[in-house]
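The structure appears below as structure tokens.
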């Protein structure tokens, strides 16, 4: 009996050690990536780096000014196209969709889209937008491809934010004689607003990190894009080219620092907004 | 005393469930009508048929008529949205919008397009006074409605309804989420309000019904077993089940 | 009255938005199949799937090496990420005190936010040289598995943690009350009860692993060969598409689309298993 108890305790000790080790290794993964990037990348940063264009060449001189502009154009165009259909579809699913086959099919389509890998979107963009529709390698092609990729995320987060608004708000509004759309526009949406914004910022964060679908659609151009039909190169792709085509690990690291810091800031903003949204839903204590 | 609403042979179904059976009553103008009965017997469902709030529930079906000032509200050509202006509702859980006190009260008139014809500040003040809330909030109408206490929020919801100038006010257990003092305030408010409005209240609190109402209806299992003058019903109930409920033998 | 018009019009507008997502979905699926079909017809479905020679210039399109590459890398990633992931999930759900959790959970979320190209970058500069010390060029299945494991770890951790937390408290309390140790409770009661959720997390991680492109092409070597040892370099299905799509003539392009079709089927297959696992888990919980 005693032997059994001690062996159980020994097993527990070993298991707990493993469990703690897993946590430590996970943190190690994170720290390795972050510290390595920062140690190698921060020395390359500087005002010059951010404001001069890349100079090309085998060792890739210059900075990332045009890259930053390219990225901003891309994200702005993507979000500009994404927001209305994404939020609209989210409103439809949360407020109007009846429980029938069409709705189930719509949800199935959205769920499937969510699972398609980025490179397949890229292929689709390449064949349809770049070639067939003659948009060529351009920021427009890249943005449209990104929109297809991000649509499920935008729709889901909007739908969830709207569903989080308590039923009482809707009933109170309808009972006063407001129409359904008035209820949505003046009561539900304003209340769900922080949640919807969280979704938008989430999509921006994901768009910044995307590479594969843009690899095949946005082209490979390091100059300053002057129109949306110009090719471009966002930060994520620039990192790839710097290390794979040229041989410039330092520049790649520095660019990586810029990208990571931007994404982390965006994540922090999303978390803060999300926290505020929860607090608002619960109301302030009276 | 005029009849404001007549309910004739009303049957109501949630899908296959026969929730209300052959209800026939007259709701008197400028009086308080209370509906009592044990939980789950259809009181709230019945209340919601009076302003067609059950329309938004899928699978809801109705037979019979609900006549308001001579017209059946379930007629094909009736404007539901306008009906809900005339027949307002206050809910069991206070549900102020996540907006300021001012915005909450102004919401109804704005949505109905009354904005062009009225001075909104006056409407808001008048409604808050009628709901006996003005004195407590007049110093800061821009404050969020969610910062008010439960009783204040409920009176705000009443003010919100009053702002659209209804004729009938439906109240679905308006005090069940409130403390006794807030409850008392609302009961006093109701006596004031009945001078200008017709009130129908659902309550699980029999003493409240006895205190407050002029007419009472007793619901059991989707049927209205007895309906009449409140004092008569509580002192000499005609139906045995009514007497059992009132004396506390069940429910 | 105009507000009724607006009411009706807006209902139609938002429906159109939802419908647009269906249009996009159908367009993509139909397009990919349509473009991939010629390759299947020309090469023959089974010779495409099981052929071992991929030489576009000679008109040979067999993707078996890539299928093996994808599966090998995914398996390797799971080998690392599943024990670590479940262990970390147990740590977060059951073992770690509050202070540790407040550090660990944000850390896991941070890992999710790191773009794949940066995983590839660190993999290329840190992991590949390390593997080179052991043997080969360093561009290998092993390197790719390690990088992929880091990428899918957060998915497995968060879904598993949720699954463990969702186990009714009664299970845990019942076990402890009869004198079982904490670990015995975790191992014999909690983990089995959470197994559907954990399985779903693993399968979702698998789906992500198979769909990963950029990090893969940076560390796996991209050579078209049947990998045998983990130190061998290889090519994934996704890498196959990425590396050749920009310069492929129509016949070749069709074969790449066909690769995409195979990829899609693989992922859809995995996702449906995950859905079934999740639903079963839900029913188990509701049964109490």
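Chains as they are written, first to last, in our numbering: chain A, 226 to 511; chain B, 5 to 255; chain C, 797 to 1084. Idealized CB from N, CA, C, for every residue including glycine. All values derive from a computational prediction rather than experimental measurement.
The C-beta distance from residue 311 of chain A to residue 241 of chain A rounds to 45 Å, too long to meet the 8 Å contact threshold. Ranked by Cα distance from residue 194 of chain B, the options B/36, B/254, B/41 are led by B/36. Shortest Cα-Cα distance from residue 341 of chain A to any of C/890, C/821, C/996 involves C/821. Between residue 1042 of chain C and residue 371 of chain A, the C-beta spacing is not below 8 Å. With a cutoff of 8 Å on beta-carbon distance, residue 402 of chain A and residue 119 of chain B are scored as not near each other.
Using a C-beta cut-off of 8 Å, the region 48–62 of chain B makes no contact with the region 230–246 of chain B, since fewer than three inter-stretch Cβ pairs fall below that distance. If you compare the alpha carbons of A/398, A/410, A/417, A/374 with that of residue 385 of chain A, the shortest gap goes to A/417. Rounded to whole angstroms, residue 297 of chain A and residue 76 of chain B show a C-alpha spacing of 60 Å. A Cβ-Cβ contact shorter than 8 Å links residue 889 of chain C with residue 960 of chain C. In this structure, the beta-carbon distance from residue 428 of chain A to residue 307 of chain A falls below 8 Å. Neighbours of residue 816 of chain C across chain A, judged by C-beta separation under 9 Å: 310, 313, 314, 376. When only Cα atoms are considered, residue 466 of chain A and residue 319 of chain A end up about 42 Å apart. Taking 8 Å as the cut-off, the Cβ atoms of residue 872 of chain C and residue 805 of chain C do not count as close. Contact check for residue 181 of chain B and residue 154 of chain B: beta-carbon distance about 6 Å, within the 8 Å limit, so the pair qualifies. Each residue's CA atom was taken as its position, placing residue 908 of chain C and residue 362 of chain A some 29 Å apart. With 16 or more other Cβ atoms from the protein chains shown falling within 10 Å of its own Cβ, residue 395 of chain A counts as buried. Under a criterion of Cβ atoms nearer than 7 Å, no residue of chain B is adjacent to residue 965 of chain C; the nearest Cβ is some 29 Å distant.
Restricted to the region 309–386 of chain A, the alpha helix (DSSP H) segments that are unbroken, complete and at least 4 residues in length are 326–340, 343–349, listed in chain order.
Proximity of residue 298 of chain A to chain C, defined by a Cβ-Cβ separation below 8 Å, is not satisfied.
For the 8 Å CB-CB criterion, residue 46 of chain B and residue 23 of chain B form a contact. Taking a Cβ-Cβ cut-off of 7 Å, residue 268 of chain A has no neighbours in chain C, whose nearest Cβ is about 15 Å from it.
By the Cβ neighbour-count rule, residue 973 of chain C is exposed, with fewer than 16 other Cβ atoms within 10 Å of its own. Of all alpha-carbon atoms in B/125, B/144, B/62, B/72, the one lying nearest the alpha-carbon of residue 323 of chain A is that of B/62. The beta carbon of residue 277 of chain A sits closer than 7 Å to the beta carbons of 287, 288, 290 from its chain, once the five residues preceding and following it are set aside; these are given in chain order. Residue nearest to residue 448 of chain A within the set A/252, A/488, A/294, A/257 is A/294 (criterion: CA-CA distance). Looking at the DSSP output, residue 1030 of chain C bridges to C/1017. Its chain contains 927, 930, 931, 932, 936, 937, 938 as the residues whose beta carbon lies nearer than 8 Å to that of residue 1027 of chain C, once the 5 sequence neighbours on both sides are disregarded; these appear in chain order. In the three-state reduction of the DSSP assignment, residue 224 of chain B falls in the strand class. In this chain, the beta strand (DSSP E) harbouring residue 92 of chain B covers 91–94. Contact between the region 995–1003 of chain C and the region 948–960 of chain C is present: 3 or more CB-CB pairs across the two stretches fall below 8 Å. Looking at the DSSP output, residue 856 of chain C shares a beta bridge with C/851. Looking at C/1018, C/1024, C/1044, C/1045, the one whose alpha-carbon comes closest to that of residue 1032 of chain C is C/1018. Those residues of the region 406–429 of chain A placed with their C-beta closer than 8 Å to a C-beta in chain B are 407, 411, 412, 415, 416, ordered along the chain.
Taking the beta carbon of residue 318 of chain A as reference, the chain C residues within 7 Å of it are 814, listed in sequence order. In the displayed model, residue 1003 of chain C falls within a helix according to three-state DSSP.
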